[in-house]
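Written below as structure tokens is the structure these notes are about.
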Amino acid sequence: MARKVTTRRKAVVTVLAWLVGLAIFFPILWIVILSFKSEGDAIKTPFEVIFSSWTFESYATVQERSNYFRHFLNSVVISLGSTVIGLVIAIPAAWAMAFVPGRRTKDVLMWMLSTKMLPPVGVLVPIYLIFRNLGLLDTRLGLVIVLTLINLPIIVWMLYTYFKEIPGEILEAARMDGASLKNELIHVLTPMAVPGIASTLLLNIILAWNEAFWTLNLTAAKAAPLTAFIASYSSPEGLFYAKLSAASTMAIAPILIMGWFSQKQLVRGLTFGAVK
Amino acid sequence: MATKASRAAARLMISPAVLLLLGWMIVPLSMTLYFSFLRYNLLMPGMEEFTGWTNYRFFLTDPAFTAALWNTLLLVGGVLLITTVGGTLLALLMDQPFWGQGIVRILVIAPFFVMPTVSALVWKNMFMNPVNGLFAHLAKFFGLQPYDFLAQAPLGSIIFIVSWQWLPFATLILLTALQSLDQEQLEAAEMDGAGPLSRFFYIMVPHLARAITVVILIQTIFLLSVFAEILVTTNGGPGVASTNLTYLIYMQSLLQFDVGGGSAGGVVAIILANIVAIFLMRMIGKNLEA
Chain G
55 MARKVTTRRK AVVTVLAWLV GLAIFFPILW IVILSFKSEG DAIKTPFEVI FSSWTFESYA
115 TVQERSNYFR HFLNSVVISL GSTVIGLVIA IPAAWAMAFV PGRRTKDVLM WMLSTKMLPP
175 VGVLVPIYLI FRNLGLLDTR LGLVIVLTLI NLPIIVWMLY TYFKEIPGEI LEAARMDGAS
235 LKNELIHVLT PMAVPGIAST LLLNIILAWN EAFWTLNLTA AKAAPLTAFI ASYSSPEGLF
295 YAKLSAASTM AIAPILIMGW FSQKQLVRGL TFGAVK
Chain D
17 MATKASRAAA RLMISPAVLL LLGWMIVPLS MTLYFSFLRY NLLMPGMEEF TGWTNYRFFL
77 TDPAFTAALW NTLLLVGGVL LITTVGGTLL ALLMDQPFWG QGIVRILVIA PFFVMPTVSA
137 LVWKNMFMNP VNGLFAHLAK FFGLQPYDFL AQAPLGSIIF IVSWQWLPFA TLILLTALQS
197 LDQEQLEAAE MDGAGPLSRF FYIMVPHLAR AITVVILIQT IFLLSVFAEI LVTTNGGPGV
257 ASTNLTYLIY MQSLLQFDVG GGSAGGVVAI ILANIVAIFL MRMIGKNLEA
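Taken in sequence, the protein lines are chains G and D.
The opening position of the first sequence corresponds to residue 55 in our numbering, with each subsequent residue numbered one higher.
The opening position of the second sequence corresponds to residue 17 in our numbering, with each subsequent residue numbered one higher.
Structure (structure tokens):
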């Protein structure tokens, strides 16, 4: 950038940007702080909260009372499971569409995207009934299936935009040198595709982890992931701010960290390549 | 080049994804459509019968539907307004050089990764609660009467919570778009004597227009289906004051077990969402050609 920026201006912008940034981030910071306080202290005024003593007791209580780890594990299984299965189905499809495009490839892509536009509530009743009849209600398997299907279009699209960027000439060169389809796939394509696959994986885990329509409607006590477990705090008994904070902190921390790593991919994945 | 064999292989590779999505679309959709013409309540099994358009008539003439439709529009419109205006301003701010850019960026994006039930419950309890919430403490500190946000302004409070979740998304996309703006163009305009305002309106806004459209369309798709935030804060109440279409259909189907009525509502929701989807698809499709 050739434009000159005065230090004074930069200082003003710095102060302003930090204030706005901290204000937006504050609720997250606040629950982290409250999670290390006792229930009695957590409802006090902000000054009293800050200067009260710190404790880990809420974390222990949450685990003890509700078997938090089970719900955490449910979240891991459901988000990871649906993402991996989604990738297994989507990688060949996206590969074929990117490297062997046919006349109707574009239509297929657009159609896949259109399934994503379907409001979930429009198929709530049938899915609920199908699940009830097949015994899939409140099972991890059921949620893995649904989340795989709702995120499949995003996975295919993201992979497609990444694969599209791999120059076709490289594949042709490999073919000229006599590489078989299998060798082409393993030695040429895979190494170049890994970064794209990794970002797709990351973004999809985030989306599946935070999904809160199907997870709330299709689970009860047994298979409930963290989204549904945390929702049980909407009708609590007694003081619960510190416990809610501890449960929330643990629920968002892993995804927050993954999210920060995937900022760039987020734009691409969620806009279906419309903004890069 | 693509041979016949590789075409066949390609079709084989695409088919699992296509078949699965086709099943996912057709099976439940046709069931919804079918149920919507039935008198079907889960509490009265075995009494199902064809009723024609009755479910639609009941659903569309229900005062709760009008309220829910209105709430949905306010919710979507309100969040869109806040996030696009706020997101543009934030993106412009963060596009300036300042110290700690990377960290501020991380802080601003964070709310997007917080699961809906957590953000709704945290705002509801730790901030908006009229007794122990932070806003109540603040009000008392200044000698004011604490305000019961979710009881007095339920829809407004939910709009606020959802905006907090989606502001990062808008900001991030608009910032990405801003950073792809040709700096030389800006400099040339500056040398020709264009002030900061006219640079903003004549160069930046046209450049951002596309990104803003994308933000609006994609957010609309998600915002039409806001559910968890309502479930854990107000349960759609008081009355139907914060019930949106998604929540209304959920109540009808899974709380009142009215499969027929809920399905009719589902069909209405699908039609409404499709109107938006058509515009979005067109934009993305155009981009695919370029």
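Even for Gly, the Cβ is constructed at its ideal location relative to N, Cα and C.
None of the values given here were measured: they were computed from a predicted structure.
By the DSSP assignment, the alpha helix (DSSP H) with residue 223/D in it spans what residues? In the second sequence, the residue the question calls residue 223/D occupies position 207. From DSSP, the alpha helix (DSSP H) with residue 223/D extends over 221-239.
Just curious, the alpha helix (DSSP H) that residue 128/G is in, first and last residue? In the first sequence, the residue the question calls residue 128/G occupies position 74. Here the alpha helix (DSSP H) through residue 128/G covers 122-153.
What's the gap between the Cα of residue 288/D and the Cα of residue 62/G? By one-based count along the second sequence, residue 288/D stands at place 272. By one-based count along the first sequence, residue 62/G stands at place 8. One C-alpha to the other measures close to 51 Å.
Once DSSP output is grouped into helix, strand and coil, what is the label at residue 251/D? As a first step, residue 251/D must be located in the second sequence, where it is residue number 235. Coil at residue 251/D, not helix or strand.
Quick one, are the C-beta atoms of residue 33/D and residue 181/G less than 8 Å apart? Here residue 33/D is taken as the residue at index 17 of the second sequence, counted from 1. Here residue 181/G is taken as the residue at index 127 of the first sequence, counted from 1. Not in contact: residue 33/D and residue 181/G (Cβ atoms no closer than 8 Å).
Could one say the Cβ of residue 208/G lies closer than 8 Å to chain D's Cβ atoms, at least one of them? Here residue 208/G corresponds to residue number 154 of the first sequence, with the count starting at 1. Judged by the 8 Å Cβ criterion, residue 208/G is not in contact with chain D.
Are the CB atoms of residue 320/G and residue 255/G within a distance shorter than 8 Å? Walking along the first sequence from the start, residue 255/G turns up at place 201. Walking along the first sequence from the start, residue 320/G turns up at place 266. Not a contact, by the Cβ cut-off of 8 Å.
Which term fits residue 20/D, buried or exposed, when burial requires 16 or more other beta carbons within 10 angstroms of its beta carbon? Within the second sequence, numbered from 1, the residue matching residue 20/D stands at position 4. The residue is exposed, with fewer than 16 neighbouring Cβ atoms inside 10 Å.
Whole angstroms is fine: what's the gap from residue 140/D's alpha carbon to residue 284/D's? Numbered from its first residue, the second sequence carries residue 140/D at position 124. Numbered from its first residue, the second sequence carries residue 284/D at position 268. Near 31 Å, if we compare the C-alpha coordinates of residue 284/D and residue 140/D.
Continuous alpha helix (DSSP H) stretch holding residue 226/G: start and end: On the first sequence, residue 226/G is found 172 positions in, with the first residue counted as 1. Start and end: 222-230.
Under the three-state DSSP convention, the category residue 118/G falls into: As a position in the first sequence, residue 118/G is number 64, starting the count at 1. Residue state, collapsed to three classes: helix.
Neighbourhood of residue 55/G by C-beta, 6 Å cutoff - its chain only, sequence neighbours within 5 removed: To locate residue 55/G, count along the first sequence from 1; it is residue 1. Because residue 55/G sits at a pLDDT of 44, beneath the cut-off of 50, its placement in the model cannot be relied upon, and the following sentence gives the value as read from the coordinates. So no residue of the chain qualifies.
Through-space distance from residue 155/G to residue 17/D, alpha-carbon basis: Here residue 17/D corresponds to residue number 1 of the second sequence, with the count starting at 1. Here residue 155/G corresponds to residue number 101 of the first sequence, with the count starting at 1. Only weak support exists for where residue 17/D lies, its pLDDT of 49 falling under 50; the coordinates are left without a value.
Of the residues 182/D, 249/D, 111/D, the one placed nearest residue 197/D, counting alpha carbons only: Here residue 197/D refers to the residue found at position 181 of the second sequence. Nearest option by C-alpha distance: 111/D.
Would you report the Cα separation of residue 276/D and residue 108/G, rounded to the nearest angstrom? Sequence index remark: in the second sequence, residue 276/D carries index 260 (1-based). Sequence index remark: in the first sequence, residue 108/G carries index 54 (1-based). Residue 276/D and residue 108/G: Cα-Cα distance of roughly 54 Å.
Could you confirm whether any beta carbon from chain D is found closer than 8 Å to the beta carbon of residue 127/G? As a working mapping, residue 127/G is identified with position 73 in the first sequence. With 8 Å as the cut-off, residue 127/G does not count as an interface residue toward chain D.
If we require 4 or more residues per run, which alpha helix (DSSP H) segments fall completely within the segment 258-325 of chain G? 268-272, 280-285, 295-315, 317-324
Just to confirm my understanding: we take residue 96/G, look at its own chain, exclude 5 residues before and 5 after, and list those with CB closer than 6 Å. What are they? For the purposes of this step, residue 96/G is taken as residue 42 along the first sequence, with counting starting at 1. Hits under 6 Å: 88, 295, 296.
In three-state DSSP terms, what is residue 78/D? By one-based count along the second sequence, residue 78/D stands at place 62. Residue 78/D falls in the coil class under three-state DSSP.
Output the distance between the C-alpha atoms of residue 150/D and residue 143/D, rounded to the nearest integer angstrom. Start at 1 with the first residue of the second sequence, and residue 150/D comes out as number 134. Start at 1 with the first residue of the second sequence, and residue 143/D comes out as number 127. Approximately 5 Å between the Cα atoms of the pair.
Beta carbon proximity, residue 121/G to chain D, threshold 8 Å: Counting from 1 along the first sequence, the entry for residue 121/G is found at position 67. So, not an interface residue.
Interfacial residues, the segment 266-281 of chain G to chain D, with Cβ spacing under 8 Å: 266, 267, 270, 271, 280, 281
Run through DSSP, which three-state label would residue 65/D get? In the second sequence, counting from the first residue as 1, residue 65/D sits at position 49. If DSSP states are grouped into helix, strand and coil, residue 65/D belongs with the strands.
Exposure label - residue 187/G; buried when at least 16 CB within 10 Å: Here residue 187/G is taken as the residue at index 133 of the first sequence, counted from 1. Burial call: exposed.
Suppose you measure from the CA of residue 325/G to the CA of residue 134/G; what does that come to, to the nearest Å? Here residue 325/G is taken as the residue at index 271 of the first sequence, counted from 1. Here residue 134/G is taken as the residue at index 80 of the first sequence, counted from 1. So the two alpha carbons sit approximately 22 Å from each other.
With 8 Å as the threshold, decide whether the Cβ of residue 48/D is near any Cβ in chain G. Walking along the second sequence from the start, residue 48/D turns up at place 32. For residue 48/D, the answer is yes, since a Cβ of chain G falls inside 8 Å of its Cβ.
Could you give the DSSP three-state label for residue 55/D: helix, strand or coil? The residue given as residue 55/D occupies position 39 in the second sequence. Residue 55/D falls in the strand class under three-state DSSP.
Contacting positions in the segment 250-274 of chain D - beta carbon closer than 7 Å to chain G: 262, 265, 266, 269, 270
Take residue 287/G and list the residues in its own chain whose beta-carbon comes closer than 8 Å to its own, dropping the five residues that flank it on each side. As a first step, residue 287/G must be located in the first sequence, where it is residue number 233. For residue 287/G, where only same-chain residues beyond five positions count, the Cβ hits under 8 Å are 294, 297, 298, 301.
With which residues is residue 208/D paired in a DSSP beta bridge? For the purposes of this step, residue 208/D is taken as the residue at position 192 of the second sequence. The partner list for residue 208/D (beta bridge, DSSP) is empty, contrary to what the question assumes.
Euclidean distance between Cα positions of residue 243/G and residue 182/D: As a position in the first sequence, residue 243/G is number 189, starting the count at 1. As a position in the second sequence, residue 182/D is number 166, starting the count at 1. Approximately 36 Å, taken between the alpha carbons.
Tell me whether the beta-carbon of residue 92/D lies closer than 8 Å to the beta-carbon of residue 229/D. Reading the second sequence from its first residue, position 76 is the one you call residue 92/D. Reading the second sequence from its first residue, position 213 is the one you call residue 229/D. No, the pair does not count as a contact, with Cβ atoms beyond the cut-off.
Can you give the beta carbon distance from residue 100/D to residue 221/D, rounded, assuming they're within the 8 Å contact cut? Numbered from its first residue, the second sequence carries residue 100/D at position 84. Numbered from its first residue, the second sequence carries residue 221/D at position 205. About 12 Å separates the two Cβ atoms, so there is no contact after all.
Secondary structure of residue 274/D, DSSP reduced to three states: For the purposes of this step, residue 274/D is identified with residue 258 of the second sequence, where counting begins at 1. Strand at residue 274/D.
Going along chain G, which residues have a C-beta under 7 Å from residue 112/D? The sequence position of residue 112/D within the second sequence is 96, counting from 1. Ordered by position in chain G, the residues that pass the 7 Å Cβ test against residue 112/D are 67.
CB of residue 280/G within 8 Å of CB of residue 129/G, strictly: As a working note, residue 280/G is residue 226 in the first sequence. As a working note, residue 129/G is residue 75 in the first sequence. For residue 280/G and residue 129/G, yes; Cβs fall inside 8 Å.
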